[in-house]
Amino acid sequence: MYDKSELYTVSRTPVRVSLFGGGTDFPEFYIKHGGACLSFTIGKYITVSVRRRNDREIHLAGEKKDVASEWSKLGNSLVRAALQLSGLDNGWDIRIDSDLPANGTGLGTSSSVSVGLLNSLAAANEQYRTSHELALLACRLEREVLQKPIGVQDQFAVAYGGLRFLEFRTDGSVEISSLSYETGLGEKICEYLMLFSTGKQRESSDILQEQRANIPQKIGELRRIRELAYRARASLLEGRLSELGSMLAESWTLKRQLGSRISFPDVDIMYDRARLQGATGGKICGAGGGGFLLLWVPPTKRRAVRNALGQYRELKCEFTTAGSEIVFEPTQVKTGVQDVNQ
Numbered sequence: 000m001y002d003k004s005e006l007y008t009v010s011r012t013p014v015r016v017s018l019f020g021g022g023t024d025f026p027e028f029y030i031k032h033g034g035a036c037l038s039f040t041i042g043k044y045i046t047v048s049v050r051r052r053n054d055r056e057i058h059l060a061g062e063k064k065d066v067a068s069e070w071s072k073l074g075n076s077l078v079r080a081a082l083q084l085s086g087l088d089n090g091w092d093i094r095i096d097s098d099l100p101a102n103g104t105g106l107g108t109s110s111s112v113s114v115g116l117l118n119s120l121a122a123a124n125e126q127y128r129t130s131h132e133l134a135l136l137a138c139r140l141e142r143e144v145l146q147k148p149i150g151v152q153d154q155f156a157v158a159y160g161g162l163r164f165l166e167f168r169t170d171g172s173v174e175i176s177s178l179s180y181e182t183g184l185g186e187k188i189c190e191y192l193m194l195f196s197t198g199k200q201r202e203s204s205d206i207l208q209e210q211r212a213n214i215p216q217k218i219g220e221l222r223r224i225r226e227l228a229y230r231a232r233a234s235l236l237e238g239r240l241s242e243l244g245s246m247l248a249e250s251w252t253l254k255r256q257l258g259s260r261i262s263f264p265d266v267d268i269m270y271d272r273a274r275l276q277g278a279t280g281g282k283i284c285g286a287g288g289g290g291f292l293l294l295w296v297p298p299t300k301r302r303a304v305r306n307a308l309g310q311y312r313e314l315k316c317e318f319t320t321a322g323s324e325i326v327f328e329p330t331q332v333k334t335g336v337q338d339v340n341q
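Read in order, the letters of the sequence shown correspond to residues 0 to 341 in numbering that gives the first Met the number 0.
And the structure:
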């Protein structure tokens, strides 16, 4: 017989690859001009396990461990804020595991942690949230409570999952459309994309702070980045995938103009090597300054590019359609002794 009090509620949340439109998801831009992003999720996950305790302590495990007599004394500001925002009292065991480093990858891992944590906490308290509700709450957690200088693409991308086109309206709303389920576009994209670690992890806050501060002087560049997202969506839906490489190259040129620390010499060398071997475009993932380099490579050129970048770790681009989901909860367990004759 299982004791349900010993079982965790577990969420699994993917990371995302942002293809086009990054930077236009800052409210400081899209409230006046509108924004758009094209992104998709891959099969690397943040797993968050939560269960009630019999006392009032908070125990946090995973990459970083923390124990506190109550939530307000936790050293981990994200978990502390998530508990507060969820309106939950004390007495929780929380474990956070990641397939990738929790920060500095450029793949939205920090927002995946936020969304997954909020999802597990809600389910453990029998308060289930929709994907949209999770994304909105994660945006509030990161931007308002924690005061992070970030946009809102990542929270929606990982909450919903799949290949998504996100439109940020001037009225503050976000419209999400799927491009993947009937067309198989996500799998087709992965036939062209290659991801290589730059070997550098960076703290994105300073880079994003500069980008956000530069928005009033970069309206023209951001508008062109937004329009590239719309053009890329049209090319995808019309089956013209080969065009996306040159669009990524154009977008990367524009993105490097948004801040002084987005690119760095090692990335430029990697990018140039890949282009010489047949890659038609690419970009640094996320805010820049490190993490993963994304490349658009015709299938016939993949081996040559891989050989040229052999010293760098490659991350397999495996498309997934699922967003943040509860993969286990105690109510799924049937108590009682199983008949051995069944």
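All C-beta atoms in this analysis are idealised placements derived from N, C-alpha and C, irrespective of residue type, glycine included.
Being a predicted model, the structure only gives us computed values, none of them experimental.
- Residues Phe195, Thr197, Leu292, Leu308 and Tyr311 of the same chain have their beta carbon placed closer than 8 Å to that of methionine 269, with the five preceding and five following residues left out of the count.
- Membership of valine 157 in the alpha helix (DSSP H) is indicated by the continuous run 152-159.
- Judged by DSSP secondary structure, valine 49 falls within the beta strand (DSSP E) whose first and last residues are 34-51.
- The beta carbons of glycine 150 and threonine 12 sit no closer together than 8 Å.
- Close CB contacts of tyrosine 159 within its chain, under the 6 Å cut and outside five residues either way in sequence, are with Ser130, Ile175 and Gly322 (chain order).
- In the DSSP assignment, isoleucine 268 falls within the alpha helix (DSSP H) that extends over 264-275.
- Of the other Cβ atoms in all chains shown, fewer than 16 fall within 10 Å of the Cβ of glutamate 186; this residue is therefore exposed.
- If the five residues before and after leucine 257 are omitted, its C-beta is found closer than 8 Å to the C-beta atoms of Gly22, Gln210, Asn213, Lys217, Glu220 and Leu221, all from its own chain and listed in chain order.
- The beta-carbon separation of serine 10 and alanine 122, rounded to 7 Å, stays under the 8 Å limit for a contact.
- Separation of the CB atoms of glycine 90 and arginine 55 is rounded to 5 Å, and the pair is thereby assigned contact status at 8 Å.
- C-alpha of valine 14 to C-alpha of alanine 286: approximately 15 Å in a straight line.
- Using a 10 angstroms sphere on the CB of lysine 63, the tally of other CB atoms stays under 16, which defines it as exposed.
- In this chain, the beta strand (DSSP E) harbouring lysine 282 covers 280-283.
- Taken in chain order, the whole alpha helix (DSSP H) runs of length 4 or more contained in the stretch 97-175 are 108-123, 130-138 and 152-159.
- Contact annotation: the stretch 161-171 does not touch the stretch 260-275, with fewer than three C-beta pairs closer than 8 Å.
- The C-alpha of proline 298 lies about 11 Å from the C-alpha of threonine 279.
- One thing to note: serine 119 has its Cβ no nearer than 8 Å to the Cβ of threonine 108.
- By the Cβ neighbour-count rule, valine 66 is exposed, with fewer than 16 other Cβ atoms within 10 Å of its own.
- Taking the CA atoms as reference points, valine 16 sits about 22 Å from arginine 302.
- About 21 Å separates the Cβ atoms of leucine 135 and leucine 162, ruling out a contact at the 8 Å cut-off.
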